[in-house]
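J.: The sequence shown begins at 1 in our numbering and counts up by one.
Have a look at this one.
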Amino acid sequence: MILSRVPVGLTCRKLFSHRYVSTISSNPYIKVFPNAALNGGHLLTYLETTPPAPRLAIGASTQLPPTPRSFTENHEFISILNDVLHRYAAQDPTLQSQAQAFAGPGGGAIFGSHGSFFPQQRTRRGKTAAGSGQDSQAGVGGHVHLSDLRNPPDFGRIAFPEDILGSIEVDGHGKIIGEFEPSGTYRIITNEGILGLSDFLRTKLIERLKEEEKRGL
Numbered sequence: 001m002i003l004s005r006v007p008v009g010l011t012c013r014k015l016f017s018h019r020y021v022s023t024i025s026s027n028p029y030i031k032v033f034p035n036a037a038l039n040g041g042h043l044l045t046y047l048e049t050t051p052p053a054p055r056l057a058i059g060a061s062t063q064l065p066p067t068p069r070s071f072t073e074n075h076e077f078i079s080i081l082n083d084v085l086h087r088y089a090a091q092d093p094t095l096q097s098q099a100q101a102f103a104g105p106g107g108g109a110i111f112g113s114h115g116s117f118f119p120q121q122r123t124r125r126g127k128t129a130a131g132s133g134q135d136s137q138a139g140v141g142g143h144v145h146l147s148d149l150r151n152p153p154d155f156g157r158i159a160f161p162e163d164i165l166g167s168i169e170v171d172g173h174g175k176i177i178g179e180f181e182p183s184g185t186y187r188i189i190t191n192e193g194i195l196g197l198s199d200f201l202r203t204k205l206i207e208r209l210k211e212e213e214k215r216g217l
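What follows is the structure, encoded as structure tokens:
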């Protein structure tokens, strides 16, 4: 990841001493601040407030660009992220498109065979024989993954575990009917990049972070 530097004039050094000094080119929405708690360290956050609130930061890194080894995630941020996804993932246009693709001709066969979509008979017990075989491809329903956009899988393919934010239940008509469930395997940063959400979900996340900031958290 290459950093995009923000010019800081000589007369503005004092003013900008606590402001973010760079962004991450692979995700320009993420701001980089000096980490006051760690000499030479950096805080990564979606917020521009100065000084930054460590409790709302994505995490901290001992070097730039951040790597899986240099980065430490903020567990409070993860909790906020999962709550936002729980509330809004079902409204995400990207995820809705995936659900509709499953409902289209042959969609069940494509998603079922490659793992981006898991038919219900794999996740629920007590299904009759009518819920297996060809019927499962004709609209049984199942779960669709919400994946990080930093490393999107090929169509019909499953993302790597560290790129899967979670999953949500879909019926046989491509309608989202369940609630978002975190995967437990997702990683904020990998060798492919750092947290990449759709425009819709990123906007909702930033709105929530600003609300938390106003509460003094």
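The beta-carbon is built from N, C-alpha and C at its ideal position, and this holds for glycine as well.
Small disclaimer: the values here were computed from a predicted structure and weren't measured.
Quick check on residue 175: does DSSP put it in helix, strand or coil?
T.: Taking the sequence shown and counting its residues from 1, one reaches residue 175 at position 175. Residue 175 falls in the coil class under three-state DSSP.
J.: For a quick check, are the C-beta atoms of residue 88 and residue 214 less than 8 Å apart?
T.: Taking the sequence shown and counting its residues from 1, the one referred to as residue 88 is at position 88. Taking the sequence shown and counting its residues from 1, the one referred to as residue 214 is at position 214. No; because the gap between Cβ atoms is not below 8 Å, this pair is not in contact.
J.: Just list the residues that DSSP pairs residue 59 with in beta bridges.
T.: Taking the first residue of the sequence shown as position 1, residue 59 is located at position 59. In the DSSP output, where bridge partners are listed per residue, residue 59 has 44, 73.
J.: Tell me the residue span of the alpha helix (DSSP H) that contains residue 209.
T.: As a first step, residue 209 is located in the sequence shown; it is residue number 209 there, counting from the start. It spans 199-214 - the alpha helix (DSSP H) in which residue 209 sits, taken as one unbroken run.
J.: I need the DSSP call for residue 190, collapsed to helix, strand or coil.
T.: For the purposes of this step, residue 190 is identified with residue 190 of the sequence shown, where counting begins at 1. Residue 190 falls in the strand class under three-state DSSP.
J.: With a CB to CB cut of under 6 Å and the five nearest residues on each side skipped, what residues in its chain are close to residue 52?
T.: As a first step, residue 52 must be located in the sequence shown, where it is residue number 52. Excluding positions up to five away in sequence, the list reads 33, 43, 45.
J.: In the DSSP output, what is residue 146 paired with across the bridge?
T.: Mapped onto the sequence shown, residue 146 falls at position 146. Residue 146 is bridged to 166.
J.: Which word fits residue 225, buried or exposed, when buried means at least 16 other C-beta atoms lie within 10 angstroms of its C-beta?
T.: Outside the shown range of the chain (1 to 217) lies residue 225, about which nothing can therefore be said.
J.: Who are the near neighbours of residue 181 in its chain, counting only those whose CB is closer than 6 Å to its CB and skipping five residues on each side?
T.: Looking up residue 181 in the sequence shown gives position 181. Result list for residue 181: 166, 167, in chain order.
J.: Please name the residue in 23, 50, 28, 61 whose C-alpha comes closest to that of residue 41.
T.: Residue mapping note: residue 41 aligns to position 41 of the sequence shown, counting from 1. Considering only alpha carbons, the answer is 61.
J.: Measure from the alpha carbon of residue 85 to the alpha carbon of each residue in 179, 54, 210, then state which is nearest.
T.: On the sequence shown, position 85 is the one that residue 85 refers to. The residue with the shortest Cα to Cα distance from residue 85 is 179.
J.: Nearest-angstrom Cα distance between residue 47 and residue 169?
T.: Residue 47 sits at position 47 when you count from the first residue of the sequence shown. Residue 169 sits at position 169 when you count from the first residue of the sequence shown. When rounded, the distance between both Cα atoms is 32 Å.
J.: In angstroms with no decimal places, state the Cα-to-Cα distance between residue 76 and residue 188.
T.: Taking the sequence shown and counting its residues from 1, the one referred to as residue 76 is at position 76. Taking the sequence shown and counting its residues from 1, the one referred to as residue 188 is at position 188. Rounded to whole angstroms, residue 76 to residue 188 spans 13 Å at the Cα level.
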